[in-house]
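Read through the structure below, which is laid out as structure tokens, and then see the notes.
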Amino acid sequence: MHATIDDIWSALDHLTDPEIPVVTLRELGILRDIRETADGIEVVITPTYSGCPAMGQIEDDVRASLRQAGIEARVVTQLAPAWTTDWMSDEAKAKLRAYGIAPPHTTPSDTSVIRFVRRADTRPVACPQCGSTNTTLSSQFGSTACKALYKCLDCQEPFDYFKPY
């Protein structure tokens, strides 16, 4: 049986992020593409950042799901263009919030000026517990390097914020 692109997406749609099990790899934009090449099927994944320790597990999970579905394909890690939080689906952002992680702000799409230093984002981060924007940054790094640790000054709860890239 020759698997279609839809068959392959279906075989992979259930895979969740090892560090955030409520969102799928596809919703996060990590599971980036499925392409037919002269050498066969390629499943393309992109790390949220170049040192992401979960990528080995993600690649293993993709391979195992393909094998279980009887699909022969290569898993290819593609670094460019770099992953961005703008690739996250709205469903992923809602699931993050429900899980207690503040979803990232949308990154500015102004590409008219080349910037070598990211402009500081001064938008408030809403607490995923109570919705208050009366929050403060506790640490640039939360439970993983792609998240920052915040504290809500109203409900006093600490929470992770998925940093925008």
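In UniProt numbering, the protein residues as written are 1 to 165.
The beta-carbon is built from N, C-alpha and C at its ideal position, and this holds for glycine as well.
| query | result |
| --- | --- |
| Exposed or buried, what is Tyr161 when buried is set at 16 or more other beta-carbons lying within 10 Å of its beta-carbon? | buried |
| What residue does the alpha helix (DSSP H) around Tyr99 start on, and which one ends it? | 90-99 |
| Counting only the same chain and skipping the five closest in sequence on each side, list residues whose C-beta sits under 8 angstroms from that of Gly94. | Per the sequence shown, the amino acid found at residue 94 is Ala instead of Gly. Same-chain partners within the cutoff: Pro103. |
| Is it the case that the stretch 137-147 contacts the stretch 66-82, given that we only count it when at least three CB pairs across the two stretches are under 8 angstroms? | no |
| Where does the unbroken alpha helix (DSSP H) through Leu12 begin, and where does it stop? | 5-12 |
| DSSP state of Gly56, grouped into three classes? | helix |
| Short of 8 angstroms in beta carbon distance, which residues of its chain neighbour Asp7, apart from the five on each side in sequence? Order them along the chain. | Ala69, Ile71 |
| In angstroms, rounded to a whole number, what distance separates the CA positions of Thr29 and Leu153? | Before going further, note that residue 29 is Gly rather than Thr in the sequence given. Looking at the two C-alpha atoms, the distance is approximately 32 angstroms. |
| If you check the beta carbons only, do Thr16 and Arg32 fall under 8 angstroms apart? | no |
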